[in-house]
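Q: Just so we're on the same page, our numbering is the position in the sequence shown counted from 1, plus 3. A virtual CB, placed ideally from N, CA and C, is assigned to each residue, including glycine. Take a look at the following structure, please.
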Amino acid sequence: MLFKVAITKIGAYEFYISPPNEGSNFSHAVVSRRMGKLHNMCDGQKHGISETTEDLYDRESRDGTCSRAGTSVPRQNDPLEKNFVQAHPSYLKTLGQAHSGWIFGAIAELVDNSRDAKATKFEVSIGMVYSKIAGKGIPMLSVIDDGHGMTHQQILRMISFGHEQPDADDPDHIGRFGIGFKTGAMRLGKDALVLTQTANSRSIAFLSQSLNEGKDNLEIPIVSYCRRGQFMEVDTSVQTEALAKHNLKAIKEFSPFNKYLIGEKASLFQEKRTGTQIYIWNLDKWGSDYCLEWQTGRSGGSSFHQGDIVIRSQRIRSRPGQTSRRVPLDYSLRAYLEVIFLDPRMKLYVQGSLVRSLPLAKCLNRTVVDNGNIMGKHVQIILGRCQLEWEQANCGIFLYWHGRLIEAYKRVGGMIHSADTGRGVIGVLDVTDLMNDGNGQVWVHSNKQGFQDCELYAQLEEWLGSRFDQYWDNNYDALQLEKGGALYKPDHEWVQCDKCRKWRMLRFCYMDPFNGKCEMSEQKVERGVIIVSEKRAGYDSKRKHVVVEDALHVKPNRILQGSSDNDDDDSEQTVEDGGPHCLKRLRRGPARFCKKT
């Protein structure tokens, strides 16, 4: 049976007024209500609609009151009344403060999302783009990866304000807290546009402070398309065409993107490819200039002419006991991305040039692998000396969680009290299992730039201090045998395969056959071996004896002639002029030093 229904909207609610039920003893109207969508904002799931359908007259009778339809009813008497949280646009600025201490932490959040999406390539760059609103060119930071992309529901989850955390800690997944994209994007700039594509869909999302300026509630426009090959159409299963048109208009009005620029960026996905593109503009300011400055590298140039993004202030992060002012990792994005992953697999590009990944555990001299136990959990640290860090007077422990760098140059033990103690010594440690209580709780800050103050972390610091002090005493502090200016080369040379991204150890012998098989398992870091000499002086590979004619040339008149009283002295020798010279032990005991006169 069909009947007409009157619809009215008051605030966030929609009211449906219908005739009384057929056969009812009451002549009053029936009022139904539901909560409408708040500026297309979603809490990470598809909004459930709260509906309350009841006979208004019947409810009033139960409450002991009687009134005509349309009379307001006290809301506190409704047992199904719920409170829904609304987000003010100023909350976006609050989110950006999560990385106020170090802006590269915001970029690291975007790198984490790409790695979780199984991307093999990540590009970050800053370039100029024309803004119709500003009437001039403005810098725009772009992040592009080739991961599996996001569906409509997944992008809703990403832009929503928090979501349910997983019950278990996935060691292959970095993202956990549900705020990484928002805190990272809002730290870098005021406005961000996300363009993502999967095998069957394409979505555009706009997280903007400019769009929401002056509003009381946050609006996040999203446009989703259904993809069938090269054919795209609005996905009406998640939104109406009118809503999609309204959201797309808002994106064009408050961003540098029009339909042509959106199409140009979408073409980067190419045929049958997936991935995500993030564009951020109205970048954070440092005085009258921008907080970041960028340098475009030369194509085909040397490593000294590669592009980079640096922090304009070039300030060094504060660390207990550190006196060195040469810490490129603190202000150079290229230097930071070199060591951001414990086991780098993804190709990283900064300003169009490839970043040479630097696995710290494979770049050490006198490598020592030490195992321990902290509160019943196994830990393993790799200690060694790095020539570059020695030259820059740096040292410390690099702590990784889920394979991602959390703390760098953490000084422990004797490092804290002396700048020279431990100079050049680097430790590498993964604490994924240690910082997990087994109940889904992890002891890592939500910005992933430090660890919480807990018993495990306190005992870890104590254990690291003892391991370092023992390593320093055994290898360097007792006696320095190296000559001045000696270079500390890594124990082994490592290279990364461009195809499988596995790390291979280069053999010392150049005649060792090259296998060239990506199926071969990757080698592990082993305890270092001290190499006394790689090549013997005067050694001829075609002969079995050592040639000493040129190495030892002694004149007869320079030889000390001994007396018969000292026949047992090994230092008495007589050298004949003729015949080949042979090696001979000169004397036993410590070497004697003499000065020519």
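Taking the beta carbon of Tyr133 as the centre, do at least 16 other beta carbons fall within 10 Å, making it buried, or is it exposed?
A: Exposed, since its Cβ has fewer than 16 Cβ neighbours within 10 Å.
Q: Taking the alpha-carbon positions, what's the Lys380 to Gln452 distance?
A: For Lys380 and Gln452, the distance between alpha carbons rounds to 23 Å.
Q: Given this structure, state the Cα-to-Cα distance separating Lys218 from His91, to the nearest angstrom.
A: Their backbone Cα atoms lie some 8 Å apart in a straight line.
Q: Give me the Cβ distance between Ile619 and Leu210, rounded to the nearest whole Å; I'm assuming they're in contact under 8 Å.
A: The chain is shown from 4 up to 600; residue 619 falls before or after that span and cannot be answered.
Q: Between Asp148 and Phe125, is the Cβ-Cβ spacing less than 8 Å?
A: For Asp148 and Phe125, yes; Cβs fall inside 8 Å.
Q: For Gly108, which three-state DSSP category applies?
A: Three-state DSSP puts Gly108 in a helix.
Q: Drop a sphere of 10 angstroms on the beta-carbon of Pro259, count the other beta-carbons inside from all chains shown, and report buried for 16 or more, exposed for fewer.
A: Looking at its Cβ environment, which holds 16 or more other Cβ atoms inside 10 Å, Pro259 is buried.
Q: If distances are taken between C-alpha atoms only, which option among Asp172, Ser128 and Ile223 comes closest to Phe164?
A: Closest by alpha carbon: Ile223.
Q: Please check the pair Ile265 and Val197, which I expect to be a contact at CB under 8 Å, by giving their CB distance rounded to whole angstroms.
A: In fact, because the Cβ distance is near 12 Å, the residues do not count as touching under 8 Å.
Q: To the nearest angstrom, report how far apart Met131 and Ala338 are at their CA atoms.
A: Whole-angstrom Cα-Cα distance: 24 Å.
Q: I'd like the span of the beta strand (DSSP E) that includes Leu286, first residue to last.
A: Where Leu286 is concerned, the enclosing beta strand (DSSP E) stretches over Gly278 to Leu286.
Q: Taking the alpha-carbon positions, what's the Trp297 to Leu332 distance?
A: Between Trp297 and Leu332, the C-alpha separation is close to 16 Å.
Q: Could you tell me which of Arg160, Ser206 and Asp175 sits nearest to Phe184, measuring between CA atoms?
A: When each option's Cα is compared against that of Phe184, the closest is Arg160.
Q: Would you mind working out which of Thr370, Ile343, Gly355 and Glu394 sits nearest Glu410, comparing C-alpha positions?
A: It is Ile343.
Q: In three-state terms, what does DSSP make of Glu410?
A: Of the three classes helix, strand and coil, the one that applies to Glu410 here is strand, per DSSP.
Q: Consult DSSP for Lys545 and reduce its assignment to one of helix, strand or coil.
A: Bear in mind that a pLDDT of 44 at Lys545, under 50, signals an unreliable position, so the model cannot answer this.
Q: So for Phe184, helix, strand or coil by DSSP?
A: In this structure, Phe184 counts as helix in the three-state DSSP scheme.
Q: Val428 to Cys366, Cα distance in whole Å?
A: Those two C-alpha atoms are separated by around 11 Å.
Q: Helix, strand or coil for Ile312? Go by DSSP, reduced to three states.
A: Three-state result, Ile312: strand.
Q: Helix, strand or coil for His249, going by three-state DSSP, please let me know.
A: His249: helix per DSSP, three-state reduction.
Q: Helix, strand or coil for Asp292, going by three-state DSSP, please let me know.
A: Three-state result, Asp292: strand.
Q: Return helix, strand or coil for Arg230, following the three-state DSSP convention.
A: Note: Arg230 maps to strand in three-state DSSP.
Q: Short of 6 Å in beta carbon distance, which residues of its chain neighbour Tyr352, apart from the five on each side in sequence? Order them along the chain.
A: Excluding sequence neighbours, Tyr352 sits near Glu126.
Q: What did DSSP end up calling Ser204 once you bin it into helix, strand or coil?
A: Strand.
Q: May I ask which residues mark the beginning and end of the beta strand (DSSP E) holding Met161?
A: Looking at the DSSP string, Met161 is not in any beta strand (DSSP E); the run it does join, the alpha helix (DSSP H), is His155 to Ile162.
Q: Roughly how many angstroms lie between the CA atoms of Glu394 and Gly387, to the nearest whole one?
A: In a straight line, the C-alpha of Glu394 is about 15 Å away from that of Gly387.
Q: On the CB-based measure, 16 or more other CB atoms within 10 Å of its CB, does Gln354 come out buried or exposed?
A: Buried: at least 16 other Cβ atoms inside 10 Å.
Q: In the DSSP output, which residue or residues are listed as bridge partners for Gly192?
A: DSSP lists Leu286 as partners of Gly192.
Q: Kindly confirm or deny that the stretch 112 to 119 and the stretch 170 to 177 touch, where touching means at least three C-beta pairs closer than 8 Å.
A: A contact exists between the stretch 112 to 119 and the stretch 170 to 177.
Q: Counting Cβ pairs, one atom from each stretch, are 3 or more of them under 8 Å apart for the stretch 141 to 156 and the stretch 198 to 206?
A: Counting Cβ pairs under 8 Å, three or more are found: they touch.
Q: Could you pull the start and end residues of the beta strand (DSSP E) that Thr370 belongs to?
A: First-last of the beta strand (DSSP E) with Thr370: Asn368 to Ile377.
Q: Start and end of the beta strand (DSSP E) containing Ile129?
A: Residues Lys124 to Ser134.
Q: Between which two residues does the alpha helix (DSSP H) containing Glu465 stretch?
A: Counting along the chain, the alpha helix (DSSP H) containing Glu465 begins and ends at Glu458 to Trp475.
Q: For Tyr16, count the other beta carbons within 10 Å of its own beta carbon; 16 or more makes it buried, fewer makes it exposed. Which is it?
A: When all chains shown are included, Tyr16 counts as exposed.
Q: I'd like the list of long-range same chain contacts for Ala101, defined as Cβ closer than 6 Å, with 5 residues on each side in sequence excluded.
A: Excluding residues within five positions, the ones whose Cβ falls inside 6 Å are Thr186 and Asn450.
Q: At what residues does the beta strand (DSSP E) containing Thr11 begin and finish?
A: Per DSSP, Thr11 belongs to the beta strand (DSSP E) from Ala9 to Ile13.
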